[in-house]
Every structure is written in structure tokens, then in C-alpha cells.
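Undergrad:
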Amino acid sequence: MKLTVSPAPTSHQRGFSLIEIAIVLFIVSLLLGGMLLPLA
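Using numbering that gives the first Met the number 0, the letters of the sequence shown map in sequence onto residues 0 to 39.
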């Protein structure tokens, strides 16, 4: 099983879906929260 970066198929949605954006925002908020809490 080769992990090669291939161009996205044309059938896939262009850009990010709402779920992907929500997941990214959730992860970023967790990282920022973990960094800011020790500084507080």
C-alpha cells in the first residue's frame, strides 16, 4: 500500500466541507487552549 499524493478526483467536493472545517477548528482550539492555559 503506497501512500502517494494523488490529485483529488473530480467527483470530490471542491474546497472544504463544513464537517472538515468544524474538525479543523476543534483541533486548533484544543491546541490553542493547551498552549494558553499554562500561561494563564
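By construction, the Cβ of each residue, glycine as well, lies at the ideal position given by its N, Cα and C atoms.
Only a predicted model underlies this, so the values are computations on that prediction, with no experimental measurement involved.
Grab me the residues of T3's own chain with a C-beta within less than 6 angstroms of its C-beta, minus the 5 sequence neighbours each way, in chain order.
TA: For the purposes of this step, residue 3 is taken as the residue at position 4 of the sequence shown. Closer than 6 angstroms at Cβ, skipping near neighbours: no residue.
Undergrad: Would you identify the three-state DSSP class for S28, choosing helix, strand or coil?
TA: Here the question's residue 28 lines up with position 29 in the sequence shown. Three-state result, S28: helix.
Undergrad: Give every residue of the same chain whose Cβ lies closer than 6 angstroms to the Cβ of F15, excluding the five residues on either side of it in the sequence, and list them in chain order.
TA: Start at 1 with the first residue of the sequence shown, and residue 15 comes out as number 16. So no residue of the chain qualifies.
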